[in-house]
Structure formats: C-alpha cells, structure tokens
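Student: After the structure tokens below, expect a handful of questions from me.
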Amino acid sequence: MTRAISAPRGVPDYPPPRSRDFLFVRDALAQPATRAGYEYIELPVFESTELFIRGVGESTDVVSKEMYTFTDRGDRSITLRPEGTAGVIRAIIENRLDKGPLPVKLWYAGPFFRAERPQQGRYRQLQQVGVEVVGSDDPAIDAEVISLAYHGFTSLGLRNFYLNLTSLGCSICRPPYRKTLQEFLGSCDLDQETRERALINPLRVLDDKREIVQEQLTDAPLMIDYLCPACESHFTSVRSYLSASGVQWRENPRLVRGLDYYTRTTFEFVHPDLGAQSGIGGGGRYDGLMAELGGESLSGIGFGLGTDRTLLACEAEGLTPFVRRLIDIYFIAMGDEARLRTVTLMQALRAHGISCDMAFDSHSLKSAMKNADRVAAPFVAIVGEDEMHSNSVQVKNMTTGEQESLPSTAQALIGHLISPDRKA
RNA sequence: GUGGGUGUAGCUCAGCUGGUAGAGCGCUGCGUUGUGGUCGCAGAUGCCGCGGGUUCAAGUCCCGUCACUCACCCCA
0 MTRAISAPRG VPDYPPPRSR DFLFVRDALA QPATRAGYEY IELPVFESTE
50 LFIRGVGEST DVVSKEMYTF TDRGDRSITL RPEGTAGVIR AIIENRLDKG
100 PLPVKLWYAG PFFRAERPQQ GRYRQLQQVG VEVVGSDDPA IDAEVISLAY
150 HGFTSLGLRN FYLNLTSLGC SICRPPYRKT LQEFLGSCDL DQETRERALI
200 NPLRVLDDKR EIVQEQLTDA PLMIDYLCPA CESHFTSVRS YLSASGVQWR
250 ENPRLVRGLD YYTRTTFEFV HPDLGAQSGI GGGGRYDGLM AELGGESLSG
300 IGFGLGTDRT LLACEAEGLT PFVRRLIDIY FIAMGDEARL RTVTLMQALR
350 AHGISCDMAF DSHSLKSAMK NADRVAAPFV AIVGEDEMHS NSVQVKNMTT
400 GEQESLPSTA QALIGHLISP DRKA
C-alpha cells in the first residue's frame with residue numbers, strides 16, 4: 000500500500016454529509032440578492048497581480064503578505080484572488096457594464112485564497128458569497144446591500160450575530176481627520192510596530208485589542224465626529240433605510256476594515272461564538288475604486304460573506320443539519336427482470352422531480368432495508384417475484400411502518416408520495 | 001509570520017511512575033424462508049502522525065519534523 004496524499008495546509012474539505020449544509024448555506028446567502036434584481040457574475044479565480052496591488056492597496060496585509068502569487072509561462076505575474084471586489088470591478092470595466100443601465104448590481108460566489116496561518120474558521124482557501132453595486136450614491140442602496148447580508152443570515156435561523164456599522168468619511172473629510180488622529184497617536188505611548196501602523200493606517204490602531212493600547216485611546220478622535228455635511232446626511236439616511244428594512248445594528252465608530260478602498264458606509268457582521276475568527280461578513284462603500292482601476296468615475300458598495308464561517312456559526316447555534324434527506328423513495332429489486340423494471344420506473348420518477356435511489360450490488364433484502372434507513376428514505380419500494388407477477392410494487396412508509404401494494408407505474412407512485420394523508 | 005496545546009481503531013477518547021494496546025459509538029455477520037430503525041449474540045479493524053535517539057525493552061522519555069488546534073496578527 001502506498002502512502003496516501005493529504006490536502007495542502009489550511010484548505011478544507013467538505014465531505015458529505017456536511018457538504019449538504021455547505022451548499023445550503025451558500026444558497027441561502029445568495030438568495031436575497033437574486034430576489035433583489037442582482038445578476039450573477041462568473042469570474043476567474045486568478046487575476047493579474049497588479050489588479051490587487053492597485054485595487055486593494057499595497058499597504059494592506061492582504062496584499063503585502065497574504066497573496067498566492069506566481070509567474071506564469073508567459074512571465075506574467077499572476078495572483079490567486081484574495082478577495083472579490085477588485086475582480087468584479089475589473090470585469091465591470093472590461094465588459095463595459097458601466098456604460099449600460101445603472102446601477103450595476105451583481106453577485107458572485109466561490110473560492111478565495113490567502114496565505115495565512117490556518118486556524119478554525121481561517122482557511123487558505125476560503126469560500127465567499129458577495130455582491131457589488133456600482134453606479135449609485137443613493138443611501139437606500141447602502142441599506143439594501145446591508146439588508147441582503149443581514150437577511151441572508153437570519154434566513155438560516157442565525158440569531159447570535161450582530162452588525163457593526165459606521166461611516167469612514169470620504170476624500171474630503173477623511174484626510175483631515177486622518178491627520179488629526181495621527182497627531183493624537185503621536186502623543187500616545189506606543190510600541191514600535193504600532194507606531195508604524197499609525198503611519199500607514201492610523202484607523203487600524205483604534206481597533207487594537209490590547210488593553211494597554213485601548214486605555215490610551217479613550218479620548219481618541221473618531222471619524223464619525225469629523226464627517227463632512229454630505230457624509231453626515233448620507234449616513235443619517237442609511238440609518239433610516241436600515242430601520243425601514245428591519246435591520247438591527249450597533250454603531251461602532253472604531254470599526255475598521257483591512258482594505259484601503261472603503262469610504263463612507265462600512266460594516267461587518269460578527270458572530271461571537273466562533274472564537275477569534277468571528278467575522279462572518281463585511282463590506283462597505285468604495286467610492287474611488289472604479290476610477291482607480293481605470294473605469295468611469297462611479298461609486299460602489301458591496302460585501303463578502305464567509306460561507307465557511309457562516310456554516311460554522313450555524314453549527315455553533317445548533318441549526319444544522321439543514322438537510323437530512325436526499326431521496327424520496329428507495330427501490331429494492333430482486334431478480335434481473337425486477338431490476339430492469341425498477342430502472343425504468345426510477346427514470347420516470349426522476350423526470351418528475353422525485354429523487355430516488357436503489358440498492359445496487361444485490362445484497363439481502365435485510366441489508367438493503369438497512370441502507371434505505373441509512374439514507375433516511377421516507378419510502379421504500381420493493382419489487383420481487385410476487386410483484387413482477389402482479390405488476391405491482393410494495394411501498395413501505397418508513398416512519399409509520401405501513402406497507403401497501405401499488406400498481407407498478409410512475410403515476411401511482413407519485414400519487415402515493417404526494418397524497419395529503421402521508422406526512423413523513 | 002510569532003507563541004502555547006494536541007496527535008492512540010471510521011468517530012470520541014482511556015492507557016498511572018517505560019514491559020510488544022483498550023472502551024463507547026460506528027462497521028460486518030447472525031437471531032431460519034422477502035423487510036430497516038429497538039434489543040441480544042458474535043466478529044473485524046490499529047506503521048499508537050512521521051523520522052531519529054536513550055533503553056534489555058517506548059504509545060509511554062528526549063530531539064526533530066509534519067498536521068491539527070488555541071491565541072497574537074489579520075480577516076471571510
């Protein structure tokens with residue numbers, strides 16, 4: 000026996016039965032967007048490295064030390080996408096979507112890659128569901144985007160998460176605030192590493208978890224108090240629309256995001272039961288990104304929701320399994336003729352949207368029944384010699400144990416499965 | 001990338017101060033002729049993560065390595 004090969008470090012498998020819940024979660028997170036007029040966009044998982052350097056920001060941790068970058072055979076620098084927004088914006092520009100009707104509303108789902116130290120809920124290949132809207136400054140769209148994520152989570156039954164919300168200002172009010180904050184931080188007693196961070200991204204220091212740092216920050220200036228009138232009224236409207244959308248949030252003026260492009264409305268979803276990796280989603284406005292990437296000067300807003308972490312959150316809240324049963328009826332055929340008839344019957348049922356499976360590799364009826372039980376089939380159809388003679392099938396209700404003889408036709412079976420007197 | 005913890009059957013884990021491995025669950029079979037879930041009986045399964053070292057002898061001690069895990073960092 001040769002040695003088995005294991006997966007590269009930090010990449011998760013979702014074998015069944017958990018894969019059922021993974022798909023369920025992914026679909027649930029995407030569904031609100033599809034109901035709100037968002038179109039799906041399929042994107043490559045690798046892009047030119049430059050896209051992320053320019054789009055996400057060279058100074059961010061994501062770009063500076065977490066990217067999977069390699070040189071392809073044409074000597075081009077290629078990077079496995081670490082996040083979704085830059086790629087979507089690139090595709091909008093490249094496909095001239097920004098020349099069409101606005102706003103452009105898109106959603107996507109798939110894997111992203113970050114070369115981080117793995118831990119629970121932090122993977123080197125992570126799955127996200129995201130949406131992006133380009134070409135609208137309407138605060139109602141901010142609220143719509145946030146409510147999409149919010150209701151995606153609630154639709155799964157999640158209750159223990161909360162939404163952090165703030166405004167990061169714009170190109171007019173942020174620079175002066177940034178200077179004010181830097182001056183303040185300069186007067187604090189900070190270690191070398193934090194001082195450097197204060198120069199590159201002073202906002203990030205506000206988020207420091209250490210108490211020694213936090214107690215010095217109690218009087219730190221906050222962006223929210225320095226918003227210009229336009230940002231101020233935008234944020235006020237966003238709040239109104241959020242209330243009207245049934246969304247609950249917490250204002251967190253110290254909320255910081257790791258990517259450079261965020262402006263104005265910024266938010267994150269946190270699930271406290273997940274340990275250190277508690278962010279299950281986040282996003283915000285990025286009013287300069289389109290122009291930065293060579294497109295029309297249009298504003299945008301979007302989010303990324305972590306499918307992996309959302310599944311973890313659902314498990315932490317005891318909501319799983321979401322999917323208990325895959326098939327509606329399980330066939331057990333005895334003898335070659337019976338198996339032929341069964342195959343035909345199953346084709347007809349499947350064509351009608353009924354899921355069915357059968358016992359392969361003829362075992363004893365007993366072990367076939369056991370299999371039926373294991374796949375949680377609510378009904379079992381038995382086709383043996385007697386049934387072949389009488390052109391019938393025995394259909395057993397696995398919850399009640401009742402069994403009856405039905406004509407060997409798809410119609411009869413379908414009628415039995417959907418008849419109101421059965422409740423599985 | 002930095003620190004701590006763990007690594008024994010498919011799963012969850014026990015194995016005290018070194019003496020060639022155990023439980024529960026699961027799995028397979030049986031409980032008579034074509035019927036699952038409960039119950040009873042029987043059975044199989046382990047390069048004790050990997051490599052090296054100490055020792056008469058190592059799952060048990062030491063070193064290294066890999067993986068997982070927790071925290072930092074960062075973020076989904």
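Residue numbers for the first sequence follow numbering that gives the first Met the number 0, beginning at 0 and rising by one. Don't be surprised by glycine CBs; every beta carbon is placed ideally from N, CA and C.
1. For the candidate residues T59, G54 and A114, whose alpha-carbon lies nearest to that of V87?
2. If we call anything under 9 Å between Cβ atoms a contact, is E384 one with S407?
3. Would you mind sorting S298 into buried or exposed? The rule is 16 or more other CB atoms within 10 Å of its CB.
4. Which residues does DSSP list as the beta-bridge partners of I331?
5. What is the rounded straight-line gap between the Cα of T153 and the Cα of R19?
6. Check whether the segment 21 to 30 touches the segment 141 to 158, taking contact to mean three or more Cβ pairs, one atom from each stretch, closer than 8 Å.
7. Measure from the alpha carbon of F160 to the alpha carbon of each residue in G280, D286 and M345, then state which is nearest.
8. Measure the beta-carbon distance from L147 to F112 and round it to whole angstroms, keeping in mind my assumption that it falls under 8 Å.
9. Restricting to Cα atoms, I'd like to know which of D360, L325, V103 and K395 is closest to V374.
10. Between F51, E143 and R116, which lies nearest to G283 when the distance is taken from Cα to Cα?
11. If you compare alpha carbons, which of A139, D74 and T48 is closest to A243?
12. Who are the near neighbours of A337 in its chain, counting only those whose CB is closer than 8 Å to its CB and skipping five residues on each side?
13. Taking buried to mean at least 16 other C-beta atoms within 10 Å of its own C-beta, is K98 buried or exposed?
14. Given that a residue counts as buried once 16 or more other Cβ atoms are within 10 Å of its Cβ, and exposed if not, what is A423?
15. Mapping DSSP to helix, strand and coil, what is S166?
16. Between which two residues does the beta strand (DSSP E) harbouring K98 extend?
17. Taking the alpha-carbon of D207 as reference, which of S354, R256 and K178 has the nearest alpha-carbon?
18. Starting from V132, trace the beta strand (DSSP E) both ways and give me its first and last residue.
19. Classify Y225 as helix, strand or coil using the three-state DSSP reduction.
20. Could you spell out the range, first to last residue, of the beta strand (DSSP E) harbouring I66?
21. Distance check for D74 and L254, CA to CA, integer angstroms please.
22. What number of angstroms, rounded off, separates the C-alpha of P117 from the C-alpha of R8?
23. Would you kindly check if the distance between the Cβ of V322 and the Cβ of F45 is under 9 Å?
24. Per the DSSP calculation, T309 is bridged to which residue(s)?
25. Tell me the residue span of the alpha helix (DSSP H) that contains Q393.
26. Which ranges would you report for the beta strand (DSSP E) in the segment 252 to 325 if only whole runs of at least 3 residues count?
27. Determine the extent of the alpha helix (DSSP H) in which A139 is found, giving its start and end residues.
28. Give the straight-line distance between the Cα atoms of L50 and T59, rounded to the nearest whole angstrom.
Tutor: For this structure:
1. Looking at the Cα atoms, G54 is the closest of the given residues.
2. Cβ distance not < 9 Å, so E384 and S407 don't count as in contact.
3. By the Cβ-count criterion, S298 is buried, with 16 or more other Cβ atoms from all chains shown falling within 10 Å of its own Cβ.
4. BP columns for I331 point to I381.
5. Their Cα atoms are separated by approximately 19 Å.
6. Flag = yes, the segment 21 to 30 and the segment 141 to 158 touch.
7. Scanning G280, D286 and M345 for the CA closest to the CA of F160 turns up G280.
8. In fact, because the Cβ distance is near 25 Å, the residues do not count as touching under 8 Å.
9. For V374, the nearest C-alpha among the options comes from L325.
10. Of F51, E143 and R116, the residue nearest in Cα terms is E143.
11. Out of A139, D74 and T48, A139 has the C-alpha closest to the C-alpha of A243.
12. Correct list, in chain order: V382, G383, E384, E386 and M387.
13. Exposed.
14. The pLDDT assigned to A423 is 42, lower than 50, so where the model puts this residue is not dependable; a value taken from the coordinates is nonetheless given after this. By the 10 Å Cβ count, A423 comes out exposed.
15. S166: strand per DSSP, three-state reduction.
16. Annotation for K98: no beta strand (DSSP E) segment contains it, and DSSP assigns it neither H nor E.
17. Nearest option by C-alpha distance: R256.
18. Here the beta strand (DSSP E) through V132 covers Q124 to V133.
19. Under the three-state reduction of DSSP output, Y225 falls in the coil class, being neither helix nor strand.
20. Per the sequence shown, the amino acid found at residue 66 is Met instead of Ile. First-last for M66: undefined, no H or E at that position.
21. Whole-angstrom Cα-Cα distance: 40 Å.
22. Going by the C-alpha atoms only, they are around 8 Å apart.
23. For F45 and V322, no; Cβs fall outside 9 Å.
24. T309 has no beta-bridge partner at all, per DSSP.
25. It is not in any alpha helix (DSSP H) - Q393 instead sits in the beta strand (DSSP E) that spans S391 to N396.
26. Given a length threshold of 3 residues, each whole run of the beta strand (DSSP E) inside the segment 252 to 325 is given here in chain order: 262 to 269, 278 to 284 and 299 to 305.
27. For A139, the uninterrupted alpha helix (DSSP H) run begins and ends at P138 to S154, by DSSP.
28. Here the C-alpha atom of L50 lies approximately 14 Å from the C-alpha atom of T59.
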